[in-house]
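Structure first, commentary second.
Residue numbers (this note's numbering): 8 to 325.
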């Protein structure tokens, strides 16, 4: 067991965090598609904080010195509160505070002619590398005029050294929207059953870099944790499974090095189910896995108060 634990630790240490696996962000237009069953406000806040802190957001690493400009669709009397919210939760010893830009109460379409013109005017003279974020809902396929403005905004981003991150909330398939091949980065988020203490957990599928999934790039899971002070934090790990029970069973077996009978009793499932979970799950190597203390806490919380003895079965390890 000790040798197996050391092997797992060595394998896990090959990538000590997402920052080592992440490819540096480049100027251009990034699309992050968020389904309607995910709370966009928490996800956007957490990813913006990661960008501002110079950490990894989805599968890209950002420099700490970059400026953050969030475009918000709020009324004028809400702008002060929104700006204060960003200043309070985006404190940093280096760099500038986020410069919040008001878009108005109505739904803002960045890929319309008016929206594209407004955004380019507001970002026409950025100082240094800049990250701009905005969000909008998409209910239909991009029209030819939207595609044309998409390319114009992308060209503006590259000329001015800006990284635009547009959070599209839509349940359409990426190909149905019609901009997957145009975007410099296209990130597809999918809901996962959240960990204990997490606002939400979601898988991250980098459509532009699926071929790098063996390095845990484009095949990760993130969780947003809402702090007491109102800030949100991101945790990152290799994608294991969308269901919490399956994730915990795999982690208990492969990280905590527990036997199938112990895992079954802890999670109130049969040892056959434990073995089935382990065989059905594929996790890329090297792993980015949660801390053992975190896993132990999750297992104890998930455990049944009075585990029932499982009936004997004819399961044998192959």
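Cβ coordinates follow ideal geometry from the N, Cα and C atoms, glycine included.
Small disclaimer: the values here were computed from a predicted structure and weren't measured.
Practice problem: Pull up the CB-CB distance for residue 232 and residue 204, whole angstroms please, since I reckon it's below 8 Å. | Solution: The Cβ separation is near 6 Å, so the contact holds.
Exercise. Using the DSSP secondary-structure output, state which residues sit across from residue 77 in a beta bridge.
Key: 140
Quiz prompt | Among 106, 137, 153 and 105, nearest to residue 124 - alpha-carbon criterion | solution = 153
Quiz item: Do you know how far the Cα of residue 276 is from the Cα of residue 25?
Solution: Since pLDDT at residue 25 reaches only 43, below the 50 mark, its modelled position is unreliable, and the value read off the structure follows with that caveat. In this structure, the CA atom of residue 25 is about 32 Å from the CA atom of residue 276.
Self-check item: Backbone CA spacing between residue 150 and residue 59 [nearest angstrom]
Solution: 33 Å
Quiz item: Would you say residue 39 and residue 176 are within 7 Å of each other, going by their C-beta atoms?
Solution: no
Quiz item: Can you tell me where the alpha helix (DSSP H) with residue 308 in it begins and where it stops?
Solution: 299 to 309
Quiz item: My guess is that residue 78 and residue 126 are in contact by the Cβ rule of under 8 Å, so how many angstroms apart are they, rounded?
Solution: 7 Å
Exercise. Indicate whether the contact test is met: 3 or more Cβ pairs, each with one atom in the region 179 to 191 and one in the region 133 to 150, closer than 8 Å.
Key: Remark: three or more beta-carbon pairs, one from each stretch, lie closer than 8 Å, so the region 179 to 191 and the region 133 to 150 are flagged as touching.
Practice problem: Report the residue from 141, 240 and 31 whose alpha carbon sits nearest the alpha carbon of residue 81. | Solution: 141
Quiz item: For residue 241, which of 230, 251, 249 and 198 has the nearest alpha-carbon?
Solution: 230
Quiz item: Between the Cα of residue 305 and the Cα atoms of 285, 196 and 257, which residue gives the shortest distance?
Solution: The option with the nearest alpha carbon to residue 305 is 257.
Quiz prompt | Beta-carbon proximity check, residue 250 vs residue 188, cutoff 7 Å | solution = no
Exercise. Could you tell me which uninterrupted alpha helix (DSSP H) segments, each at least 4 residues in length, are contained entirely in the region 237 to 264, listed from first to last along the chain?
Key: 251 to 261
Quiz item: In chain order, what residues of the same chain have a beta carbon less than 7 Å from the beta carbon of residue 178, not counting five sequence neighbours either side?
Solution: 42 and 43
Quiz item: What are the partner residues of residue 37, as DSSP defines its beta bridges?
Solution: 172 and 192
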